[in-house]
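Numbering (the working numbering), first residue to last: 50 to 496.
The structure appears right after this line, and notes come after that.
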Amino acid sequence: QMMKFAWDNYKQYALGKNELRPLTKNGHIGNMFGGLRGATVVDALDTLYIMELEEEFQEAKKWVEKSFDLNVNGEASLFEVNIRYIGGLLAAYYLTGEEVFKSKALELGEKLLPAFNTPTGIPRGVINLGRQDTWSWGWASAGSSILAEFGTLHLEFLHLSELSGNPVFAEKASISQVMNIRKVLNRVEKPQGLYPNFLSPVTGNWVQHHVSIGGLGDSFYEYLIKSWLMSDKKDSEAKKMYDDALEAIEKHLVKKSAGGLTYIAEWRGGILDHKMGHLACFSGGMIALGAEHAGEERKQHYMDLAAEITNTCHESYTRSDTKLGPEAFRFDAGTEAMATRLSERYYILRPEVVESYMYMWRLTHDPKYRQWGWEVVKALEKHCRVEAGFSGIRDVYTTTPTHDNMQQSFFLAETLKYLYLLFCEDDVLSLDDWVFNTEAHPLPVNH
Numbered sequence: 050q051m052m053k054f055a056w057d058n059y060k061q062y063a064l065g066k067n068e069l070r071p072l073t074k075n076g077h078i079g080n081m082f083g084g085l086r087g088a089t090v091v092d093a094l095d096t097l098y099i100m101e102l103e104e105e106f107q108e109a110k111k112w113v114e115k116s117f118d119l120n121v122n123g124e125a126s127l128f129e130v131n132i133r134y135i136g137g138l139l140a141a142y143y144l145t146g147e148e149v150f151k152s153k154a155l156e157l158g159e160k161l162l163p164a165f166n167t168p169t170g171i172p173r174g175v176i177n178l179g180r181q182d183t184w185s186w187g188w189a190s191a192g193s194s195i196l197a198e199f200g201t202l203h204l205e206f207l208h209l210s211e212l213s214g215n216p217v218f219a220e221k222a223s224i225s226q227v228m229n230i231r232k233v234l235n236r237v238e239k240p241q242g243l244y245p246n247f248l249s250p251v252t253g254n255w256v257q258h259h260v261s262i263g264g265l266g267d268s269f270y271e272y273l274i275k276s277w278l279m280s281d282k283k284d285s286e287a288k289k290m291y292d293d294a295l296e297a298i299e300k301h302l303v304k305k306s307a308g309g310l311t312y313i314a315e316w317r318g319g320i321l322d323h324k325m326g327h328l329a330c331f332s333g334g335m336i337a338l339g340a341e342h343a344g345e346e347r348k349q350h351y352m353d354l355a356a357e358i359t360n361t362c363h364e365s366y367t368r369s370d371t372k373l374g375p376e377a378f379r380f381d382a383g384t385e386a387m388a389t390r391l392s393e394r395y396y397i398l399r400p401e402v403v404e405s406y407m408y409m410w411r412l413t414h415d416p417k418y419r420q421w422g423w424e425v426v427k428a429l430e431k432h433c434r435v436e437a438g439f440s441g442i443r444d445v446y447t448t449t450p451t452h453d454n455m456q457q458s459f460f461l462a463e464t465l466k467y468l469y470l471l472f473c474e475d476d477v478l479s480l481d482d483w484v485f486n487t488e489a490h491p492l493p494v495n496h
């Protein structure tokens, strides 16, 4: 019902734009996708299909067939286009077998390839989809590329090259390109075994030593364990990189607060910043997913760690007046699991916490995870539902929150999908057969 409400309002007021602005009842285009349109359509396809909202799925499919134009000019984030558009199209194709999704994914995938033309083969973060030139984000230090961005291409590009059957594409893109990224990362020295967030695409060296399991780093780690799972556990290099990285994270970043909450701190050149971002809350689910396949004695250890981190993220929700969690929360000066800065008190319909609830439920069947998920459903309905859709809020610590007038596409792709799956039987998108990309788009395991 929430999905249908979100979709119907998007369709009515913003179809073809990237997101719905539910308060002003219009659409938003933004500048992340380089002139591409319909981000909400492509992000919502698989969720509509899984939820059996057939009429709505057909509306979305028709838009992709008739109106989705790939001949655009503009600066696009390689990462965002890959996880939302390529991921969404691939998942829609694998779920339905409809050729239109496959051909659009391959056509768009080809437009992303020039980003890899750098001295190291580590792609730059921004690509002009029309002119095919690329550059790095102006704000990323010294023209560097970002770990979570170049480290979150593997799942999608592997499927692109498999589907294309075009050896040039395969050579150019996935197989050698994303494998080359690993080569560079294996070669470069890692401080304490940790992966900093910024790497130069020219020299292949780290640009500064900021390490985070939240934004800028997050999905790099997720794609290591998921690459291994998607390969039907054959990609042992990915598994080893994941195991080693997790060991370093546990050794240097995992901390316990005075109140007994386990959290993952950020690391700035050797100095710990005792804060955890909402984005880092996906890690409970990731660690649980990886624990399934650790040795017996490590397995319980990692399941416990996953449960503790998920519990901490739940606390960040429970300790707010809206029962929704802030963008970042801290563990210092007597504060635990709460945002201390005004600039970190917002909630933009993010999925990471319910994502971990879904994995924890599927891997333990402890009923508290469904209970926690239901708390989120009620909070979203109470505080984020507005007359024409769902909106993020600017401060989770007030029960009369101001809305930010944005229904993010990932709310339909991820937040509602993970909540739905939390209450489904385990065989709906079984974790044995599907791996979710970092935008919650299911890709098949290569059995």
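Every residue gets a Cβ at the ideal spot worked out from N, C-alpha and C, and that includes glycine.
- Per DSSP, residue 100 lies in no beta strand (DSSP E) segment and is marked neither H nor E.
- With contacts defined as CB atoms closer than 8 Å, residue 52 and residue 429 fail to qualify as a contacting pair.
- Under the three-state reduction of DSSP output, residue 406 falls in the helix class.
- Fewer than three beta-carbon pairs drawn from the stretch 429-447 and the stretch 411-418 are found closer than 8 Å, and the two stretches are therefore not classed as touching.
- The Cβ atoms of residue 264 and residue 328 lie closer than 8 Å to each other.
- Spatial neighbours of residue 261 in its own chain (CB-CB distance under 8 Å, excluding positions within 5 residues in sequence) are listed in chain order as 246, 267, 315, 316, 326, 329.
- Residue pairing for residue 259: DSSP places it in a beta bridge opposite 317.
- In the structure shown, residue 456 falls within a strand segment according to DSSP collapsed to helix, strand and coil.
- The distance from the Cβ of residue 373 to that of residue 457 is about 14 Å, inconsistent with a contact at the 8 Å cut-off.
- Under the criterion of beta carbons closer than 8 Å, residue 201 and residue 269 qualify as touching, at roughly 6 Å.
- Contact annotation: the stretch 378-397 does not touch the stretch 335-355, with fewer than three C-beta pairs closer than 8 Å.
- The bridge partners DSSP lists for residue 396 are 442.
- Sequence-distant Cβ neighbours of residue 117 in its own chain, meaning closer than 7 Å and more than five residues away, are 87, 153.
- Assigned with DSSP and collapsed to three states, residue 289 falls in helix.
- Counting along the chain, residue 382 sits inside no alpha helix (DSSP H), nor does DSSP assign it H or E at all.
- When beta bridges are read from the DSSP output, residue 69 appears opposite 76, 456.
- For residue 437, no alpha helix (DSSP H) run applies, since DSSP gives it neither H nor E.
- The C-beta separation of residue 242 from residue 182 comes to about 36 Å, leaving the pair out of contact by the 8 Å criterion.
- Under the three-state reduction of DSSP, residue 177 is assigned to strand.
- Collapsing the DSSP output to three states places residue 336 in a helix.
- In its chain, beyond the 5 residues on either side, 69, 89 have a beta carbon closer than 6 Å to the beta carbon of residue 59.
- DSSP, reduced to helix, strand and coil, places residue 493 within a strand of the structure shown.
- Secondary structure note for residue 158: its alpha helix (DSSP H) is the uninterrupted segment 148-161.
- Cβ-Cβ separation between residue 488 and residue 136: approximately 5 Å, consistent with a contact (criterion under 8 Å).
- Between residue 408 and the set 479, 64, 99, the nearest pair of CA atoms involves 479.
- Nearest to residue 321 by C-alpha distance, out of 78, 334, 304, 296, is 304.
- Assignment of beta-bridge partners to residue 194 by DSSP yields 248.
- Here residue 477 carries a coil assignment [DSSP, helix/strand/coil].
- In this structure, DSSP gives residue 167 a state outside helix and strand, which the three-state scheme calls coil.
- An exposed status is given to residue 235, since fewer than 16 other beta-carbon atoms sit within 10 Å of its beta-carbon.
- Under DSSP, residue 387 shares a beta bridge with 379.
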